[in-house]
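In our numbering, the protein residues as written are 1 to 187. Glycine is no exception: its CB is placed at the ideal position from the N, C-alpha and C atoms. Just so you know, these numbers come straight off a predicted model, no measurement behind them. Read the structure below first, then the notes.
Have a look at this one:
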């Protein structure tokens, strides 16, 4: 297995490791165990928010010991930028029937909360039995709308991150660690 790199350069900007692959693996396993307990006797449907949630969702599902289903939705609010545009666009819809289902949205990161609010409004039209949110990361300082996040891997500062599924203009998703934009003077 390749050793983690302490720093990477993407698009001319330097990023440093914020969370190692071991830290991510352990926390995702804890979240999977919690979901297993909370949904015992139920068959939830996990809906991954593409593209960023793919790594987290894959690992989370392996840590969940339940019968379950999966589906995906694709939204856009960043484009190739480092900050959300504030506009949420649905690029791919949910295929499954969610009526009377236990829905768990799986998101890589919640920052402004606008995408999650969009999803919550959208899913309510389907009359699910319940709706929960599992997010790997929450930038609580950036959140602009009231949200309930049921399963949160980590609260992080309001800084740009890449790796473990998160990208900058589609670059960096394949990094196995989570990297944060380096600030001058930091190690």
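According to DSSP, simplified to helix, strand and coil, what is residue i?
i: residue 56; result: helix
i: residue 148; result: coil
i: residue 112; result: coil
i: residue 153; result: strand
i: residue 105; result: strand
i: residue 121; result: helix
i: residue 163; result: strand
i: residue 61; result: helix
i: residue 129; result: coil
Rounded to whole angstroms, what is the Cα-Cα separation between residue i and residue j?
i: residue 16; j: residue 146; result: 31 Å
i: residue 176; j: residue 109; result: 16 Å
i: residue 166; j: residue 129; result: 30 Å
i: residue 74; j: residue 142; result: 22 Å
i: residue 24; j: residue 31; result: 11 Å
Does the distance from the C-beta atom of residue i to that of residue j stay below 7 Å?
i: residue 103; j: residue 131; result: yes
i: residue 138; j: residue 149; result: yes
i: residue 156; j: residue 96; result: no
i: residue 43; j: residue 67; result: yes
i: residue 212; j: residue 88; result: Residue 212 is absent from the model: the chain starts at 1 and stops at 187.
Give the range of the beta strand (DSSP E) segment to which residue i is assigned.
i: residue 178; result: 178-181
i: residue 91; result: 89-92
i: residue 140; result: First-last for residue 140: undefined, no H or E at that position.
i: residue 70; result: 69-76
Please check the pair residue i and residue j, which I expect to be a contact at CB under 8 Å, by giving their CB distance rounded to whole angstroms.
i: residue 178; j: residue 161; result: 6 Å
i: residue 92; j: residue 72; result: 7 Å
i: residue 59; j: residue 28; result: 5 Å
Got a sec, what are the start and stop residues for the alpha helix (DSSP H) residue i sits in?
i: residue 35; result: 21-38
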